Structures are given as structure tokens and as C-alpha cells.
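Using the working numbering, the letters of the sequence shown correspond one by one to residues 4 to 303.
Every residue, glycine too, gets a C-beta built ideally from N, C-alpha and C.
These numbers were taken from a predicted model, which means no experiment stands behind them.
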Amino acid sequence: MIEAGVLGKTQDLSLGQYLQEWLAHARARVRATTYRGYESLIRLYAVPALGEVSLSELSPLHLQRLYSSLLVPERRLSAGTVLNLHLVLTQALGQAVRWGILASNPAKGAQPPRPRRPEPVVVDPSLAERIVAALEGSAVELPGMMAIATGMRRGEILALRWGDLDPGLHQAQVRRTLHATGRGLAFSEPKTRRSRRAVALPEILRPCLERARSEQALRRSKARTWQDLDLVIDRGDGGPLNPDTLSSRWRLFLAHSDLPHVRFHDLRHGHATLMLLKGVHPKVVSERLGHASVGITLDL
């Protein structure tokens with residue numbers, strides 16, 4: 004590792020060699036899903052074009068030309084992907100500065116594209132009513148209702164266990180989250196201390212939860228094999244439902260419901276908006292969402 008000084012003369016280091024070292028450094032410091040994103044961007048786009056360039060000779064112009072080449076129509080890469088590549092390289096090369104390998108960060112002199120982000124759909128009271136009405140009886144009823152009624156994150160909802168709910172179904176304890184890794188699905192602790200929280204469950208969720216529990220018990224009684232994970236939402240055999248599968252089902256639900264393109268995560272924002280419109284103090288909303296600060300809540 005570079006940190007241990009085993010690579011010898013760092014002036015002989017190529018960008019490709021350095022990025023592999025940096026990935027090894029980053030792997031233990033970020034979530035598995037974040038690492039996979041880093042590794043994929045570097046492997047697919049940075050190393051093929053600039054892997055042989057000496058790290059000491061890497062310039063902002065090298066990176067600018069790379070970004071331009073990736074944006075040609077033939078490559079069909081979005082500006083957002085190129086921007087993400089730039090952000091990863093900025094982190095990686097910034098670490099080279101901290102390690103004393105580079106005097107300055109060449110990525111800071113390059114200008115990434117600015118993707119045109121579509122205007123987010125605001126889940127106001129009127130749209131929320133339409134979504135709730137359409138959710139009834141659908142394949143995504145419970146996760147959708149949980150998101151809009153509690154503001155919980157997708158991974159938090161899918162990691163919720165019956166043991167996290169109080170007997171009266173009035174409150175849920177957020178203790179873990181579910182995310183995809185290179186080796187499958189994994190449960191982990193929430194990112195921050197504030198993400199570990201108690202969330203009040205409004206009365207509108209009770210029939211959804213009771214129905215889901217009854218349906219799950221019936222499936223379990225008929226199943227040959229069952230993963231006894233106590234999950235509130237499962238994939239059919241008691242095992243965890245892939246978050247990406249939920250997102251795919253959500254998009255299919257929208258297409259069949261004549262609703263605007265509302266991302267599943269927008270339901271969380273919508274919950275915050277509805278609470279603020281009702282006059283709930285921003286600090287209370289922030290705590291309910293598990294935000295690190297009130298500022299994040301107000302920036303939604």
C-alpha cells in the first residue's frame with residue numbers, strides 16, 4: 004500500500020496503478036454500494052483512457068479531454084455519469100495530495116458537465132391523496148404507504164422486522180437498513196446516529212400492516228422453505244426484497260396508475276412537505292426523517 008511506502012518511487016506510478024491503490028484504501032471506508040460505484044466508473048472509463056498516463060504528469064487537460072470524449076453521441080453516456088466520474092477522480096486525486104504524492108489536484112482544474120436535472124415532482128396534498136388511493140390493493144401498497152406516511156427510506160422500510168413494531172402497531176424502531184452489495188443483499192446499521200430512531204405509525208397504516216401480516220402467515224404456512232428473518236416486507240419466501248426490485252415495481256405501478264413520474268424516494272420528501280404544511284416544527288420533521296441536521300430537511 005502507498006500508505007506503508009511499499010511502492011517505492013511514486014513518481015513512476017501510473018494513474019491506473021494509483022487508482023487501484025486508492026480503491027483498496029477507499030474500500031474499508033465507504034459502503035459496499037458506494038465502493039462498487041467507484042470501482043465501476045474507474046474500471047470502465049478512467050483506466051482505459053488514462054491508465055497508462057504517469058500520475059505525476061496528469062493534467063487538467065487530460066481529464067477535460069476524457070470528459071469530452073465520453074460525451075460524444077456514440078458513447079451514449081449521460082452528463083450525470085461523467086459528473087460522477089469527475090467526483091470520484093477528484094476524491095482519489097485529492098487523497099494523492101494528502102499522501103504527498105501530488106502537489107495539487109489536477110481534477111480541480113477540469114470542468115465537468117452540468118447535467119440537466121428534471122424538475123422534481125412535488126408530492127403535495129392533492130397528489131398524495133391520488134397516490135394513496137391508487138396504492139390500495141397494489142403490489143407496492145405497504146412499502147408505498149410506509150414511505151408516504153412515515154418518511155422512512157427505502158432501505159429502512161425493507162429492513163423493518165415485525166419485532167421492530169410495538170404490539171399495537173403504533174411505533175417502529177429504525178435499527179437497520181437493507182442495501183445491495185457485490186455479493187448480494189446485506190443488512191447494516193443506519194449511516195448516522197440520528198438515523199436510528201423511533202417513528203410513529205399513523206392509524207392509516209394499521210389495516211395495511213395487519214393485512215400484510217395475515218397474507219405473510221398464509222404464504223409461510225404453504226411454503227416448502229422459508230427464511231425466518233421476521234421481515235415485514237419480503238420477496239415471497241421470507242427473504243429480503245431487493246431495493247432495486249421495489250423501485251422497478253414502483254415504476255410499473257406508476258405506469259398503470261396514470262400518475263406523474265414520482266420516484267419512490269420522492270415519497271419521503273413528500274412526507275416532509277406534508278408535515279411542514281401542517282405546521283409541524285422543522286426540528287420535529289428532521290428527527291422523524293433521521294436527518295443529520297434541520298438544514299437538510301429545509302433544503303428538500
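Ranked by Cα distance from Gly293, the first of Pro243, Leu188, Leu234, Arg179 is Arg179. Ranked by Cα distance from Ala175, the first of Arg186, Ala189, Ala150, Ser191 is Ala150. In terms of Cβ geometry, Asn245 and Leu188 form a close pair [threshold 8 Å].
Fewer than three Cβ pairs drawn from the region 125-136 and the region 230-243 lie within less than 8 Å of each other, which leaves the two stretches out of contact.
When secondary structure is reduced to three states using DSSP, Val50 falls in the helix class. Each residue's CA atom was taken as its position, placing Pro285 and Val91 some 33 Å apart.
Beta-bridge annotation (DSSP): Gly187 is paired with Thr184. Shown here, Ser260 sits in a helix according to DSSP, grouped into three states.
Two segments are said to touch when three or more pairs of C-beta atoms, one from each, lie closer than 8 Å; by this definition the region 216-228 does not touch the region 190-204. Put simply, the region 98-117 does not touch the region 249-265. Fewer than three CB pairs are less than 8 Å apart. A buried status is given to Asp167, since no fewer than 16 other beta-carbon atoms sit within 10 Å of its beta-carbon. Annotated as proximal: Ala275 and Gly154, with beta-carbon spacing under 8 Å.
Ranking Gly185, His65, Leu234 by CA distance to the CA of Gly112 puts His65 first. A contact is defined here as three or more CB-CB pairs under 8 Å, and the region 39-50 meets this definition with respect to the region 16-31.
For Gly239, the CB contacts under 8 Å within the same chain, skipping 5 residues up- and downstream, are Arg222 in chain order. Counted as a single uninterrupted DSSP element, the alpha helix (DSSP H) harbouring Val91 occupies residues 82-101. DSSP places Ala106 outside any alpha helix (DSSP H), giving it a letter other than H or E. By the Cβ test, the region 80-87 is in contact with the region 116-125, since at least three Cβ pairs between them sit closer than 8 Å. Arg199 is positioned such that its CB atom lies closer than 8 Å to that of Val177. Of the residues assessed, Gln114 falls on the exposed side of the cut-off, its CB having fewer than 16 other CB atoms within 10 angstroms. Leaving aside the five residues that flank Glu42 on each side, the residues in its chain whose CB is nearer than 8 Å to its CB run, in chain order, Leu26. Beyond the five residues adjoining it in sequence on each side, Asp269 comes within less than 7 Å, by CB distance, of Pro123, Val124, Val126 in the same chain, given in chain order.
Ser57 has Ser17 as its beta-bridge partners, per DSSP.
Exclusion of the five residues before and after Leu208 leaves Met148, Met149, Ala152, Thr153, Leu172 as the residues of its chain whose Cβ lies within less than 8 Å of its Cβ.
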